[in-house]
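This report concerns only the one structure given below.
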Amino acid sequence: MKYYIIFGPPGAGKGTQSSLLVEKYCLKHISTGDLLRKEIEKKSELGILAKSIIDKGCLVDDATVLEMIRKEIFANKPDVNGFILDGFPRTIEQAISLDKLLESLGRKVDAVIALEIDDDVMIKRIQHRAKIEDRVDDMDFETIQNRIITYHKKTEPLIKYYKEKGNYFPVNGETSIEDGFNDICQIINKINNE
Ligand code: ADP
């Protein structure tokens, strides 16, 4: 079982690349953003709380998202070669908790595939997505800016964390979807052959 993280700022293309990877390598996609949006749709207690946080461009608390991830990883899903975590971890605390969780299974994070894009590209991509998908957090400029600030403050420190562990693989996120996907496949193929 392989454990991959698809990493990057909002609008980097994590969801798009994840769908392609799921097909090619037979992986289970776990997106904390998608899971939270499902809770919002259901209007569950968690969903109602999450909505107020997400709509402001802030992060949901670490314990809540960790519990969601734990459930997904432990859910029976025997027919996959691994997992692709999208939107998690987003804080150092989440990364440490994930390492502990995988350690308890005798596993580790095999690769952090990082889609690198500049802030101006992020904004343009999110504004474009707002026209296609119905996401409240994509509609308002202030919310987008807050997500970018939150990314730099809380999530970017993970780059150093994973670089030090030696499992950080950067990819240019500003190329076409196909070129980005090819770059990612090269990384995964290399890991699979090790
Ligand atoms: P994007 O990558 O475009 O920001 P996501 O769908 O990954 O979109 O996340 C949407 C929102 O859900 C985030 O802005 C945040 O509020 C919340 N969220 C998703 N994943 C996490 C996480 N791991 N920790 C805390 N909050 C999260």
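Sequential numbering of the sequence shown, starting at 410, is according to our numbering.
From the three backbone atoms N, C-alpha and C, an ideal C-beta is built for every residue, glycine too.
Does residue 448 pass the burial test, meaning 16 or more other C-beta atoms within 10 Å, or should it be called exposed?
buried
Buried or exposed by the 16-neighbour rule on C-beta atoms within 10 Å, applied to residue 588
exposed
I want to know whether the segment 562 to 581 touches the segment 516 to 528 - three or more CB-CB distances under 8 Å.
yes
Does the segment 551 to 562 touch the segment 417 to 431, meaning 3 or more C-beta pairs lie closer than 8 Å?
yes
Applying the criterion that 16 or more other CB atoms from any shown protein chain within 10 Å of the CB defines a buried residue, is residue 509 buried or exposed?
exposed
Mapping the DSSP letters down to three states, classify residue 542 as helix, strand or coil.
coil
Less than 8 Å between the C-beta atoms of residue 488 and residue 427, yes or no?
no
Answer yes if the segment 461 to 479 comes into contact with the segment 532 to 541, meaning at least three C-beta pairs across the two stretches below 8 Å, and no otherwise.
no
Please classify residue 514 as buried or exposed, where buried requires at least 16 other C-beta atoms within 10 Å of its C-beta.
exposed
Less than 8 Å between C-beta atoms, sequence neighbours within five positions excluded: which residues of the same chain meet that for residue 546?
463, 464, 466, 552, 553, 556
For the alpha helix (DSSP H) that contains residue 472, what are its first and last residues?
471 to 483
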